[in-house]
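Novice: What follows is a structure written as structure tokens; I'll ask about it next.
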Amino acid sequence: MIRTTQAKDCFMAPRSSRSLLALVTPLLLCFLAGMALAGQPVLSPGERQWLASLNRDIRIGITVIPPQIVHDGGTYEGLSLDYIRLMERKLDHRFKLVPLPTWNDVIEAARERTIDIIFAAQKTPDRLAYLNFTEPYIDLPNIILTRKDRAGAEDLQIMNEWSIAISKGSAVHEYLKREFPHLDLRPVPDELKGLQQVSLGEVDAMVLEISRASYYIEKEGILNLRVAGDARYLYQLRFAVRNDWPLLHSILDKGLAAIDDKERRDINRRWIIVGRQSIFANRTFLITFSIGLAVIALTVTGVATWNFTLRRVVRQRTSQLQQELTERERIEGALRESENKFKGFAEQALVGVCLAQDGVFKYVNPKFADMFGYTVEELADDMPVGNVVHAEDLPMVEENLRKRISGEISSVRCSFRGLKKDGQIFWGEIYGTRTVYQGKPAGLGTILDITDRKRDEEKIKRDELRLRHLVDILQHPSETIQEFLDYALEQAIQLTESTLGFIYHYYEERGEFVLTSWSKEALPACTAAKLQSDELSATGLLGETVRRRQPIIDNDFLAAHPQQAEYPEGHVQLIRVATAPIFQGERIVGVIGLANKDSDYEQTDVLQVSLLMDAVWKVIEKMRAEEEQNRIALQLEQARKMESIGTLAGGIAHDFNNILSAILGYTEMAREDCIPGSTMATDLDQVILASNRAKVLTQQILAFSRQHQNEKTLHNPAVIIKEAIKLLRSSLPTTIRIEQNIDTDAGLILADPTEIHQVLINLCTNAFHAMEDTGGVLSIGLRKVSLPRQEQAGNGSETSGDYIELSVKDTGAGIPKEIQERIFEPYFTTKEMGKGTGMGLAIVHGIIKNYGGEITCRSQMGQGSQFNIVLPMYAGKVVHGSRQIDTMQTGTEHVLLLDDEEILVEMARNMLERMGYKVTTRTSSLEALTTFKNQPEAFDIVITDQTMPGMTGIDLARRMLQIRPDLPVILCTGYSSQISEEKAKSFGIQGFAMKPLSKKELGDLIRTVLDSKARL
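Going by our numbering, the sequence shown opens with residue 1, and the numbers climb by one from there.
Listed below in structure tokens is the structure:
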């Protein structure tokens, strides 16, 4: 409790008496009035009857809230209980006290009517729903408390620079936040904590209700505080009564009214200690007293002058000696009291307290000794300060203490690492000041254990550092996932202060690790032959990380242990290693490893890296999704390009085939007219050969654009490849030597020879471009190989475990590794303009896949490239038919021939007439239909082009067949996307032919159609 002697420092200042009469007269009147009222009953007969009719005790809910309610041992006391007991005497009725654990329990009990009265409560709108309130029985102001050595703080308005403790969540807390927003408020969990902070100088002041302040200061012996001013916020305590008993509310109001002012002051004085002002400090009294002394002095002056003079010196000397003795006793007593209070405070303090002088401890409290793991006696027996301070921090601590003791600085506040008796290290924070001990300067300090705070600060720093690295990673202008992953690894290395690092991608379905990213600094020191991939069963540290599904730390990797399984000879030396799995959901998709940190790895390192890589992998998944989306978009774009190319190819094929038909037809007829073996015959043979090659070229264009599906037949690939090599020899320069190793008995395949020819020519053309500047060797091989049996779904062929392998190898510059995966993409090319379109390998890849085969590429820079193709070998039975004589088919039937090209009509007429047929020609579908309608039985067969003006060939055929259903019809086309052989047959058309047709092909087709009709 606080006692003060100055009016401004009092909790409740007494009124000044003006004279003895002014003091006595009111007291006498009050006494007489009280005696007169004492005999009168407080309650009416009806109220007493109501109390008697309850047949149970009236219950008052209480809980410990000093000083209103104090629990000392087995009894309850307090300011509110004094009022309750006095009210019981006034009302001549006893109440039952119901102790409850907390204030919230008291409120809940009142709401549920298990108690009838609350001992002390403030009146609030929400409580009026179930409670009535008496008049206040005490008003308790909130006051401003500061240290005695701190001046100012009389008014909250001028305390801008002050730190002020306040009970967290209290009513006055809300009041100060609302009315004084400029204040630096420091919420504390309880009032005692705040008072201790003020006493220790950790905060400048505290605002607290007066009775609470008085109680805690008296109980805890906090002697260095003073009341600096009024906070201008009043607590009014009332009895709260259940609102369904209005008579009880009236009874309590009468009970309180019966308590007079003197009784109230006595209660307040007991629990709120008020400093009293000496009567000799009253100015009025001093004036009156001085006048009286003057009169008495004048009366006795004449009698006592001589005696006074004689004894004057003796009195003065005696008074001086008495004052010196009294002052010495007072000082000694004050010192003893101060020392006892200091020790009492220090022994009960929640922080460590120490007194150090000349580098050794002179005093420590139990909390300090417990903090360092020693006994009080061990530390206070002149133990050096350096014994409990980390060697690296000792110079800093000693320097700060020296400066404070010498007066160079006003206070000390610093953090250091403390050493416990058992060698453990913790973080402490010391608050030091200067004092005098046994006549010499000394240092007095309090110490807090801030290990948890330091740990939290370090965690925050690590989190901030990780977030900075993550932001750097996300802002890195990476064009590929590989660049992004490499940069993320470098950031992880920096985050953990490591030297080396790696990231392995883990393929769970096949239990394989593939090295994805590694430290560039490690490569010069690493000479291991195999680093790219490992199986799970063959790994140590990597595999253990996956098997345990958790990080692994090994700070002594040089020691022999099983985890070095994947540590090949020549690998860069690892001293300390930490690994962590990378998760995608519940699946492990990778492992990150970090190595050779200067200090040991800790769990915080792998935790930070795991969090970093979790965020990084989410970004990588997003990048992969975007790449996949871009890839699909590119495929769609390529599909549109292919569709456009297909349309263009169809148009070219139609016109080109018409041209080839005229060239091939007239050349064949001219060849028939030549003398066998003549130069003219030889030249025309070359024209026919070139025309057939042009015909094949057109078929390849249509096949590429998916507008034409070549028929697969049984072939020996060795024959096709040797024919292609003959063509290559004449087109390649002499600087490129062709080596061939062809096994003619390798086997048979189901294929289109044109496509196999196209595959080889494309691969050899690429090889030529790779060796064009330097020359080299082009190696072509064909052999039989045995591979595990595969199911070739959907190709309809019979396959076994035997395959035919075609290899094309060059000695050129090689293909860079980063583009090897893209070489089979359409339009991808590294050639300069005019040397390639990027479609060659895409076509090859499509052909081989269509045959159920595989194509692979192996290449090293500076050593060349090799493409290997494996195709399923035909394992079915080979049926050898009888060889037919190559003779021209002829006939004498009447043919109706239609084509919109005059030159083609004339050429076909001549060819057919040479074969013995009678021919009628038309260049218009409508004219031909009219001719047929006039004489439908006059024609044995109709041959029509599909593309005709006015009416297509298939429409013309359908109308003719309506007139004569048994009419043989052959439909010819250079190319049409609207018609195919299957569609033509569905309309009843017996023959279908793609231009250009040789004379023999045309003759054979006519005879086949006519002879099939004859058989019917």
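Glycine included, each C-beta is placed from N, C-alpha and C at the ideal position.
Please read these numbers as outputs of a predicted model, since none were measured by experiment.
Closer than 7 Å to a non-hydrogen atom of the ligand GDP - does that hold for the CB of SER214?
Specialist: In the structure shown, the ligand GDP is absent, as is every other ligand, since no ligand is present at all.
Novice: With DSSP as the reference, label ILE460 as helix, strand or coil.
Specialist: helix
Novice: Indicate the three-state DSSP secondary structure (helix, strand or coil) for ALA165 in the structure shown.
Specialist: strand
Novice: Just mark GLU672 as buried or exposed, buried being the case when its beta carbon has 16 or more other beta carbons within 10 Å.
Specialist: exposed
Novice: Suppose only complete runs of 3+ residues qualify. What are the beta strand (DSSP E) ranges in the stretch 122 to 195, listed by chain order?
Specialist: List check, beta strand (DSSP E) in window: 131 to 133, 138 to 147, 163 to 167 and 184 to 188.
Novice: On a CA-only basis, which of TYR216, ILE62, VAL203 and ASP116 is nearest SER163? Give me that one, please.
Specialist: VAL203
Novice: For LYS809, list the residues DSSP reports as bridge partners.
Specialist: SER779 and GLN866
Novice: Identify which residue in GLN889, LEU234, LEU350 and GLY443 has its Cα closest to the Cα of GLN196.
Specialist: Here the closest residue by C-alpha is LEU350.
Novice: Closest to ASP261 by C-alpha separation, out of GLU818, ARG56, GLY747 and LEU86, would be which residue?
Specialist: LEU86
Novice: Whole angstroms are fine: how far does the CA of ALA240 sit from the CA of THR375?
Specialist: 52 Å
Novice: According to DSSP, GLU77 sits in a beta bridge with which residue or residues?
Specialist: VAL70
Novice: Around the C-beta of GLU913, are 16 or more other C-beta atoms found within 10 angstroms, so that it is buried, or is it exposed?
Specialist: exposed
Novice: Which one of GLY650, ILE941 and ARG453 has the shortest CA to CA distance from THR698?
Specialist: GLY650
Novice: So what's ARG576 in DSSP terms, helix, strand or just coil?
Specialist: coil
Novice: What does the Cβ neighbour count give for PRO936, buried or exposed, with the cut at 16 atoms within 10 Å?
Specialist: exposed
Novice: Would you tell me roughly how many angstroms separate the C-alpha atoms of ARG922 and GLU668, rounded to the nearest one?
Specialist: 23 Å
Novice: Using beta-carbon positions only, say whether ALA171 and ARG186 come within less than 8 Å of one another.
Specialist: no
Novice: Note down, in chain order, each residue of its chain lying with its Cβ closer than 6 Å to the Cβ of VAL606, except the 5 sequence neighbours on either side.
Specialist: PRO551, ALA578 and ALA580
Novice: Given this structure, state the Cα-to-Cα distance separating ARG750 from ILE588, to the nearest angstrom.
Specialist: Per the sequence shown, residue 750 should be read as Leu rather than Arg. When rounded, the distance between both Cα atoms is 44 Å.
Novice: From the DSSP output, in three-state form, read off TYR975 for me.
Specialist: coil
Novice: What first and last residue would you give for the beta strand (DSSP E) that runs through THR446?
Specialist: THR446 -> beta strand (DSSP E) spans 440 to 449.
Novice: According to DSSP, is ARG212 part of a helix, a strand, or is it coil?
Specialist: helix
Novice: Is DSSP giving GLU821 helix, strand or coil here?
Specialist: coil
Novice: According to the neighbour-count rule (16 or more other Cβ atoms, all chains shown, within 10 Å of its Cβ), is PRO384 buried or exposed?
Specialist: Answer is exposed; the Cβ neighbour count stays below 16.
Novice: Which residue spans inside the stretch 625 to 678 form an unbroken beta strand (DSSP E) run of at least 3?
Specialist: none
Novice: Note down, in chain order, each residue of its chain lying with its Cβ closer than 7 Å to the Cβ of TYR175, except the 5 sequence neighbours on either side.
Specialist: Excluding residues within five positions, the ones whose Cβ falls inside 7 Å are TYR233.
Novice: Taking the alpha helix (DSSP H) that LEU929 belongs to, which residues open and close that run?
Specialist: 925 to 934
Novice: Distance, Cα to Cα, ILE756 vs LEU782?
Specialist: 13 Å
Novice: What are the boundary residues of the beta strand (DSSP E) that includes ILE409?
Specialist: That residue, ILE409, is in no beta strand (DSSP E); it is neither H nor E in DSSP.
Novice: For ARG226, write down the residues that DSSP places opposite it in a beta bridge.
Specialist: THR146
Novice: Within 10 angstroms of its Cβ, does TYR507 collect 16 or more other Cβ (buried), or is it exposed?
Specialist: exposed
Novice: Count the CB pairs spanning the stretch 361 to 372 and the stretch 391 to 398 that are closer than 8 Å, and state whether there are at least three.
Specialist: no
Novice: Could you give the distance in angstroms between the alpha-carbon of GLU112 and the alpha-carbon of LEU97?
Specialist: 17 Å
Novice: What runs of the alpha helix (DSSP H), each 4 residues or longer, lie entirely inside the stretch 347 to 425?
Specialist: 366 to 372, 376 to 380 and 394 to 406
Novice: Go through the stretch 939 to 965 residue by residue and report every complete run of the alpha helix (DSSP H) that reaches 4 residues or more, in order.
Specialist: 953 to 963
Novice: Could you tell me if HIS249 is buried or exposed, where buried requires 16 or more neighbouring beta carbons within 10 angstroms of its beta carbon?
Specialist: buried
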